Every structure is written in C-alpha cells, then in structure tokens.
Amino acid sequence: MTLPIFDPSDDPGPSFQALLRKLDAGPPPLDAASAGGSEPGFAFTHGTTIVALRYADGVVMAGDRRATAGSSIAHRAMEKVHPADRWSGVAIAGAAGFALEMVRTFQLELEHYEKLTGNALSLEGKANMLATMVRANLPTVIQTGGSFVVIPLFAGYDMRRRNGRIFTYDATGGRYEETDFHADGSGGRDARTTIKLGWTEGMAREAAIELAVEALYEAADEDSATGGPDAVRGIYPTVATITAQGYEDTPESEVAERFAALIQRKTERGLNR
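Start counting the sequence shown at 0; every next residue gets the next number (numbering that gives the first Met the number 0).
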C-alpha cells in the first residue's frame, strides 16, 4: 500500500477526518431509515450518567456502566470513560454506538495531529476539536429525531496552566468550560446536586473519588437508566484521574471499597432504604 500524495493547495493538513474525506474513505452517511429510525418500536442503545470534578492535583472523571435500549437494560458493563490522550479524557452519554465511534475518531485525530506536527494540541485545542466533531453529528441527530444525539464530557490536565479543566457540550457543538464540576446524562441532575453539596476547593484525591462515587450512587437511586454498584456481578462505575502524571484508571478494587464505605455510612445513618 502506497502513502497518498497531495498537491500543496489540496493538503488536508493534520486533520485525520479531513484526510479520510480526501481519500473518500469515511463511513457512508447515515439516514433515519438505514438507522432503523423509521421502524416502529426500534430502540437505540444509550449510555447514561457521567461526572467530572476538579481536585487538588487535577480532575476525576467517572461514569456508571449501564446502557439502556428503551425501557430495557441493553448492557450492564459499558465503559463510558476513556482516555483521549495522555493528559485528557472523554466521557460519553447518549447514543452508545455513535458515542464510541466518536471517541475512537477523537483519539485518532489527536494521535494523527501529534505525529504530523510533532507537537500535542493544547487542551483548549482538543476541546475545540471535539466540539467540531459533535457539530458534525448534528445532521444525523436531526434525521433520527434526536435518537442519535451524543453529549460528551471532556476533561484534562492543562500543562500550561498547571491545573485540571472541564469542558461540556450541547448537541449543536456548543462548547462550555465548567469551573469546578459537571455531570451529564439521564441522571446528571441528581449527580450534580450531590457534587454541589459536597465539593470544596483543593479536595484530596480520595475525597474527590468518594464524592464522584456518591454522585453516581444518588443518581442511580433516582434514575432507572443509571446503574448502581453490582456487587453480585462485580460491576462498579469506571473512575479515572487526570493529573500532571497523566490519565490513570482507578483500580476497580478501590472503587468497590469506596462504595462499601459509602453504603456502610448510609446504613449507620439509617438512610439506605
């Protein structure tokens, strides 16, 4: 296989998606009929609650593991928090298939850019790139009546500012920076309320993880689409930290311990009903 050669005036630059368009190698356009949107009773798989909050060393990101299709549980162990590159992560809510494809494409975009330019994008640049990808999905969202909406949550450690930052999006590609924390998805409101009541500036890592875990627990208690801890199957939310040392998954054993401590506290207070 030979590498493509472009005229300087037609060079796609460091964008991986622009390269695919030049090579006519991108996925075919999707319309509502081919997606199944015209079939009565067709249920799309959706991911639900995701959270992010700043702490002293960076950012904690977390997401429950349940994916739903209509009123049914489609998957019990879906991963909704992913590394974007070494110093950033992306969490997904919305149409699961499109969301996972967007994450993979975003990861490739960042890797492709760094290989061609020799430099990593700034955190601001990464946030803007993801906004462009969300906006590009808008025609499909409209065609499928909102069934294919994808709402990512992006966070990372800014090596220039030396702190953690959180970015949120809407379905049109609007990009907004959150000062301290955010939660999205069907259980986002309840998760945000819990974090709002417990968040403080300069939190330690352990306290921040405990608060993220509690936010998902409270969301699952109010929202049927959000999955709580499943000790029988050994399924717990995905939790990751992003600091100056990079993106790091929190061991599932530690997440299980945080949940056990949370449930014990609630039991002792008589609130676990």
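The beta-carbon is built from N, C-alpha and C at its ideal position, and this holds for glycine as well.
All figures in this text were calculated on a predicted structure; none of them were measured in a lab.
Proximity to residue i [Cα-Cα], best of the options
i	options	result
residue 47	76, 54, 56, 58	76
residue 130	114, 152, 84, 258	152
residue 108	208, 93, 84	84
residue 212	203, 227, 123, 201	227
residue 74	182, 64, 90, 223	64
residue 231	118, 165, 255	255
residue 209	229, 155, 239	239
residue 49	97, 266, 78, 138	78
residue 119	94, 142, 86	86
residue 96	204, 127, 234, 147	147
residue 92	267, 167, 58, 245	167
residue 80	68, 154, 117	154
Burial state of residue i (16 or more Cβ within 10 Å)
i	result
residue 37	Note that residue 37 has pLDDT 40, beneath the 50 cutoff, so the model's placement of it is unreliable and the number below is only indicative. By the 10 Å Cβ count, residue 37 comes out exposed.
residue 165	buried
residue 184	buried
residue 71	exposed
residue 181	buried
residue 190	buried
residue 53	buried
residue 141	exposed
residue 56	buried
residue 125	buried
residue 237	buried
The beta strand (DSSP E) enclosing residue i, as first and last residue numbers
i	result
residue 149	149-157
residue 53	49-54
residue 246	245-248
residue 164	162-168
residue 70	Unbroken run through residue 70: none, as it is neither H nor E.
residue 173	Run containing residue 173: none; DSSP gives neither H nor E here.
Host alpha helix (DSSP H) of residue i (start-end)
i	result
residue 268	251-268
residue 139	137-142
>> Just to confirm the assignment: which complete alpha helix (DSSP H) runs, minimum length 4, are found wholly within the stretch 181-233?
In response: 187-197, 204-221
>> With a threshold of 8 Å, are at least 3 pairs of Cβ atoms found where one atom belongs to the stretch 191-198 and the other to the stretch 103-116?
In response: no
>> Does the structure place the stretch 244-252 close enough to the stretch 212-221 that three or more beta carbon pairs sit under 8 Å?
In response: no
> Which residue spans inside the stretch 77-128 form an unbroken alpha helix (DSSP H) run of at least 4?
Replying inline: 95-116
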